[in-house]
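Trainee:
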Amino acid sequence: MMFGRVLAIIVVMCSSARGDVVLGNLSDPLVTSTLFGSGSTVTYKAVGLEMPAERDFRMGAVTLSMNFPNPSPRPEVAIWSGQSAPSQLLTSLTATGPLTGAGEFTFISPGEFVLEGGRRYWLRMSAQTGSPQFLWSATSINAAGAPDPTGVAQYLGFLANGAPSGFKNRFQIVGWPVRCGADLTGSSDPDAPGYGVPDGVVDISDFFYFLDQFVAGNLEVADLTGSSDMDSPWYGAPDGVLDLSDLFYFLDRFFEGCR
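The numbering of the sequence shown is our numbering, which starts it at 1 and goes up by one.
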């Protein structure tokens, strides 16, 4: 039985988990930086985005181009809501690795977080009181000097301490459409035109299609989570590995249906 095969196989495959770029500019060159922490006048820096109407996205990794030259930095990275500026904290993000040196650093939400269609959000950076200095790399020192961040969301601009800022700091937010989180196919028949094409309905065809992709080792479809524990920071964040956590996460989405 196919179900028995799924339970018997743990496929370990290292690869980059894919998703849609909600908004980002990591491909733009590094030109300058914004200083945070001890001695800085920057209280916070934020970039705004407006999600497309009626399109919800499950937020995955948030990648920031940073430089941590000092030990024990204490950045505060979070998603806020607000019409024209960050006004309400929604979720604080956790770093997935050590914060040292210069490079691209990944932050994730502690549990599933959905960017809802039509709403405005702010990716907000600040430093905890007493934090050593660190830097958030930027693409330009003026608003006209670099392209705007792009993605499925609308770019609203950067703010520094609540005022418009020309420093376009480097970041990327990745997400996956979740209006019907388990809607993967219109048919379980590989020869049908609707095979692998979502149809707006969650039914048994989606279940069998997921099992097919899981057994085949298809990371793009079946790598859904790094943990089946809803309290884990890896819940809902693909980790480049196929295992039973992905199966259980899919079942959560399957029984959830469309929302």
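Glycine residues also receive a C-beta, built at the ideal position from the N, C-alpha and C atoms. Please read all numbers here as calculations on a predicted model, not as lab measurements.
(1) I'd like the list of long-range same chain contacts for E50, defined as Cβ closer than 7 Å, with 5 residues on each side in sequence excluded.
(2) Can you give me the start and stop residues for the alpha helix (DSSP H) that A222 sits inside?
(3) What residues are listed by DSSP as bridge partners for T63?
(4) Below 8 Å CB to CB, which residues in the same chain sit around P52 once its five sequence neighbours on both sides are set aside?
(5) By DSSP, does R58 sit in helix, in strand, or in coil?
(6) Is the distance from the Cβ of P198 to the Cβ of G186 below 9 Å?
(7) Whole angstroms are fine: how far does the CA of S245 sit from the CA of D223?
(8) Is Q154 helix, strand or coil by DSSP?
(9) Rounded to a whole number of angstroms, what is the C-alpha to C-alpha distance between C14 and W234?
(10) Check whether the Cβ atoms of V174 and V21 lie closer than 9 Å to each other.
(11) Helix or strand or just coil, what does DSSP make of G48?
(12) Hey, which unbroken runs of the beta strand (DSSP E) at 3 residues or more fall wholly within the stretch 109-151?
(13) For Q88, which residues does DSSP report across the bridge?
(14) So, are the CB atoms of F250 and F208 less than 9 Å apart?
(15) Taking just the CA atoms, how far does A78 sit from F248?
(16) What number of angstroms, rounded off, separates the C-alpha of N25 from the C-alpha of S109?
(17) In or out: F158 buried (at least 16 other Cβ within 10 Å) or exposed?
(18) Considering F36, what are the terminal residues of the beta strand (DSSP E) in which it resides?
(19) Less than 7 Å between C-beta atoms, sequence neighbours within five positions excluded: which residues of the same chain meet that for F270?
(20) From P193, S228, E76, pick the residue whose C-alpha is nearest to that of S131; which is it?
(21) Is it buried or exposed for G19, if we count other Cβ within 10 angstroms and need 16 for buried?
(22) Please determine, among D212, T225, C180, V215, the residue with the shortest C-alpha to C-alpha distance to E54.
(23) How would you call V39, buried or exposed, if buried means at least 16 neighbouring beta carbons within 10 angstroms?
(24) Among M125, E112, F57, which one has its Cα closest to the Cα of P86?
(25) On the DSSP bridge assignment, give the partners of V201 in chain order.
Mentor: Per the coordinate set shown:
(1) R120, A153, Q154, L156
(2) 219-222
(3) T106, Q172
(4) G117, G118, V152, A153, Q154
(5) strand
(6) yes
(7) 9 Å
(8) strand
(9) Low per-residue confidence applies at C14: pLDDT is 29, beneath 50, and the placement is therefore not dependable, though the value from the model is reported in the following sentence. Distance between the alpha carbons of C14 and W234: 16 Å.
(10) yes
(11) strand
(12) 120-127, 134-138
(13) S81
(14) no
(15) 28 Å
(16) 20 Å
(17) buried
(18) 32-36
(19) Since the displayed the chain opens at 1 and closes at 259, residue 270 lies outside it and no answer follows.
(20) E76
(21) buried
(22) C180
(23) Going by the sequence as given, residue 39 is Gly instead of Val. Exposed, because fewer than 16 other Cβ atoms sit within 10 Å of the Cβ of G39.
(24) M125
(25) Partner(s): none; V201 has no beta bridge.
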